[in-house]
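Before any comments, here is the structure.
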Ligand SMILES: NC(=O)c1ccc[n+]([C@@H]2O[C@H](COP(=O)([O-])OP(=O)(O)OC[C@H]3O[C@@H](n4cnc5c(N)ncnc54)[C@H](O)[C@@H]3O)[C@@H](O)[C@H]2O)c1
């Protein structure tokens, strides 16, 4: 097979563990021919693992004529500059999230990609999480009727202390997990964003960036997505709660619980009354409806895994198949993140409002 000659830039937690391991599973599609890191020890590790050429500076790597694709896994504030350098050198670029720290940066990326010979692809790998895929399938089947509210949660309690907790390093959960869950939120919205509300706090992380955030988005269709990402929540919540006009679903871990009305059941025609009600308390007849209760495993009909994004990347580069994460979608994620940050400016003092 005509493998794509690939270079990885940034041999850290993502580059070494995710990019390399995921590419190892796809040796028939990609060959790691070069690597770049500022740390000599990490360059040596790559040379030992792949026998590839290594570079300390991306400016030298992009002159490597054998490299077709540059996979960028450096720290978040470097993404725009590193991607533009590689695009200008005629390479294809696979760019880690966040693709940019602000919307202006995302627009610069788009413009550089438009002018370049190579293509820019966005690593929104959580688009292929099995639970996300399965829930999208269930909603598309109409099983819970018209969806009016979606609650997304990624909560844990961490006393994190690395650069991802420091504002000066582009840290904070909005830049870190935000791109994944904002991308999910925009997919679930299924309409252009009408407005949003946001709140960012620092609770448990040791740096000065937010580690607890909530964004409530409303689509032009009236649908609401309430998303929360937290490193300061001592108890978890289900990752998905979805409310539809004929049912609801909850997904936690690899289990989906559904409660819905049978497709052939029509709600009886009844009307609200302004008359004085009887003496007994009533709470409506919802409990008497023929609800179907079901718990199923997460198994989308067409299975997906997060690292499938490499297969889409291969198909896009070698076979001209459209890449599933479009430039417009990736840009919209950054626009929403910027709006969420502006919505409630985070106190740069780092003091938690709760302390
Ligand atoms: N898509 C995902 O699921 C996912 C998961 C984890 C991290 N990420 C993203 O990957 C990026 C890296 O995160 P990480 O946790 O691996 O960080 P990290 O600090 O562990 O690794 C970064 C690596 O880049 C190297 N580096 C720094 N500056 C460099 C430069 N100028 N040129 C070459 N190499 C340089 C560092 O030495 C280090 O090895 C972040 O932007 C993060 O948001 C994405």
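Numbering (the numbering used here), first residue to last: 5 to 359. We put the beta carbon where it would ideally sit given N, CA and C, even for glycine.
- Using a C-beta cut-off of 8 angstroms, the segment 169–183 makes no contact with the segment 140–150, since fewer than three inter-stretch Cβ pairs fall below that distance.
- Between residue 266 and residue 229 the beta-carbon gap is near 27 angstroms, outside 8 angstroms, which marks them as no contact.
- Across the structure, residue 320 and residue 6 are spaced so that their CA atoms are roughly 14 angstroms apart.
- Shown here for residue 241: same chain residues with a beta carbon closer than 7 angstroms to its own, the five before and five after excluded, namely 157, 159 in chain order.
- The Cβ atoms of residue 221 and residue 193 sit closer than 8 angstroms to each other.
- In the assembly as shown, residue 211 is a buried residue. Its beta-carbon has 16 or more other beta-carbons within 10 Å.
- Beta-bridge pairing by DSSP links residue 160 to no other residue.
- In the three-state DSSP reduction, residue 207 falls in the coil class, being neither helix nor strand.
- Distances between the C-beta of residue 101 and the heavy atoms of ligand 1 include at least one below 7 angstroms.
- Segment contact: the segment 163–175 against the segment 200–211, three or more CB-CB distances shorter than 8 angstroms; contact assigned.
- DSSP lists 263 as the bridge partner or partners of residue 297.
- Between the segment 125–143 and the segment 298–318, the count of C-beta pairs closer than 8 angstroms reaches three or more; the two stretches touch.
- Looking only at 16, 341, 12, 61, the smallest Cα-Cα distance to residue 203 is reached by 341.
- By the C-beta density criterion, residue 80 is buried, having at least 16 other C-beta atoms within 10 angstroms.
- Of all alpha-carbon atoms in 105, 282, 288, the one lying nearest the alpha-carbon of residue 274 is that of 288.
- Taking 7 angstroms as the cut-off, the C-beta of residue 77 counts as close to a heavy atom of ligand 1.
- Minimum Cα-Cα distance from residue 143 among the listed residues 279, 244, 323, 315 corresponds to 244.
- Looking only at 62, 96, 72, the smallest Cα-Cα distance to residue 82 is reached by 62.
- CA-CA distance, residue 226 to residue 263, rounds to 23 angstroms.
- By the C-beta density criterion, residue 246 is buried, having at least 16 other C-beta atoms within 10 angstroms.
- For residue 233, the three-state secondary structure derived from DSSP is strand.
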